[in-house]
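**Student:** Structure in structure tokens, see below.
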Amino acid sequence: MNTAPECQNLGGISYISLIALDDLLTIPEPLAGEISFNDLSFNSGSAFQEIYFTPDTGSFSENEDRTNAGSVWKKEINIQIPKIRSEIIAGLKTFENRKNAALVTDMNNTSFLVFPVRILRKKQIPGQITSINAIMVNLTGSSISESPVITDLP
64 MNTAPECQNL GGISYISLIA LDDLLTIPEP LAGEISFNDL SFNSGSAFQE IYFTPDTGSF
124 SENEDRTNAG SVWKKEINIQ IPKIRSEIIA GLKTFENRKN AALVTDMNNT SFLVFPVRIL
184 RKKQIPGQIT SINAIMVNLT GSSISESPVI TDLP
């Protein structure tokens, strides 16, 4: 528990990918808060799909709420995808109205398996020419388990 901190500790998300939770057949119980990617099993032909987003716009937070019934972990991921395009909207629609799992890698190269999360989108066309058009993506969910670190990524 009392280990020396790493020499570098950067904020932000460097990578995010999504998969529909029903395409992820097996998620093992974490051992010491970790799961190996190799221990996940997928529906045939299913895989995580990388979501490109504007650097420095990604964030992930997870907060524990304690109640008389126990703990609940509330999860939230936010990203901004540049330039509103029909192919991006179509790709994101495949994750709507269903539970999903997100693979989130931070700037320190630590990855988390965040589930279950649902997707919400917002188009933004600001009034200033110097601003950018974007799709704001918000993934939220809650579970009784904290999101585990995921190791052995391909």
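Everything in the sequence shown is counted per the numbering used here, starting at 64 for the first residue and increasing by one. We put the beta carbon where it would ideally sit given N, CA and C, even for glycine.
Let's see if you can read the secondary structure: which residues bound the beta strand (DSSP E) around Gly133?
**Tutor:** On the sequence shown, residue 133 is found 70 positions in, with the first residue counted as 1. For Gly133, the uninterrupted beta strand (DSSP E) segment begins and ends at Gly133 to Pro145.
**Student:** Measuring only the C-alpha atoms, how far is Glu92 from Gln191?
**Tutor:** Taking the first residue of the sequence shown as position 1, residue 92 is located at position 29. Taking the first residue of the sequence shown as position 1, residue 191 is located at position 128. Cα-Cα distance, rounded: 48 Å.
**Student:** Which value, in whole angstroms, describes the spacing of the CA atoms of Val180 and Thr214?
**Tutor:** Start at 1 with the first residue of the sequence shown, and residue 180 comes out as number 117. Start at 1 with the first residue of the sequence shown, and residue 214 comes out as number 151. If you draw a straight line from the Cα of Val180 to the Cα of Thr214, it comes to about 20 Å.
**Student:** Taking 8 Å as the threshold (C-beta atoms), are Ile188 and Asn163 in contact?
**Tutor:** Counted from its first residue, the sequence shown places residue 163 at position 100. Counted from its first residue, the sequence shown places residue 188 at position 125. Between Asn163 and Ile188, the C-beta gap is not smaller than 8 Å, which leaves the two residues out of contact.
**Student:** Find out if the Cβ-Cβ distance for the pair Ala110, Ile140 is shorter than 8 Å.
**Tutor:** Position 47 of the sequence shown, counted from the start, is the residue given in the question as residue 110. Position 77 of the sequence shown, counted from the start, is the residue given in the question as residue 140. It is not a contact, given that the beta carbons lie outside the stated cut-off.
**Student:** Starting from the Cα of Ile76, find the closest Cα among Asn172, Asn201, Gly154 and Asn196 and give me that residue.
**Tutor:** Taking the sequence shown and counting its residues from 1, one reaches residue 76 at position 13. Of the listed residues, the one whose Cα sits closest to Ile76 is Asn172.
**Student:** Using C-beta distances below 7 Å, list every residue in its chain close to Leu216, excluding the 5 sequence neighbours before and after it, in chain order.
**Tutor:** Residue 216 sits at position 153 when you count from the first residue of the sequence shown. Here the set comprises Phe100 and Ser174.
**Student:** Thinking C-alpha only, which one of Asp102, Glu113, Lys137 and Val212 is nearest Leu81?
**Tutor:** In the sequence shown, residue 81 corresponds to position 18, counting from 1. Checked all of Asp102, Glu113, Lys137 and Val212; the closest Cα to Leu81 is Glu113.
**Student:** For Ile147, tell me which candidate among Pro118, Ser104 and Ile195 has the shortest Cα-Cα distance.
**Tutor:** Position 84 of the sequence shown holds residue 147. Minimum Cα distance to Ile147 is reached at Ile195.
**Student:** Comparing alpha-carbon positions, which option in Val135, Tyr115 and Ser107 lies nearest Val200?
**Tutor:** Translated into the one-based positions of the sequence shown, residue 200 becomes position 137. Ranking the options by Cα distance to Val200, first place goes to Tyr115.
**Student:** DSSP on Ile207, reduced to helix/strand/coil?
**Tutor:** Position 144 of the sequence shown, counting from 1, holds the residue named residue 207. Coil.
**Student:** Taking C-beta to C-beta, are Lys137 and Ser205 nearer than 8 Å?
**Tutor:** Numbered from 1 along the sequence shown, position 74 holds the residue referred to as residue 137. Numbered from 1 along the sequence shown, position 142 holds the residue referred to as residue 205. Yes; because the gap between Cβ atoms is below 8 Å, this pair is in contact.
**Student:** Can you name the start and end residues of the alpha helix (DSSP H) that Ser149 belongs to?
**Tutor:** Within the sequence shown, numbered from 1, the residue matching residue 149 stands at position 86. First-last of the alpha helix (DSSP H) with Ser149: Ser149 to Lys156.
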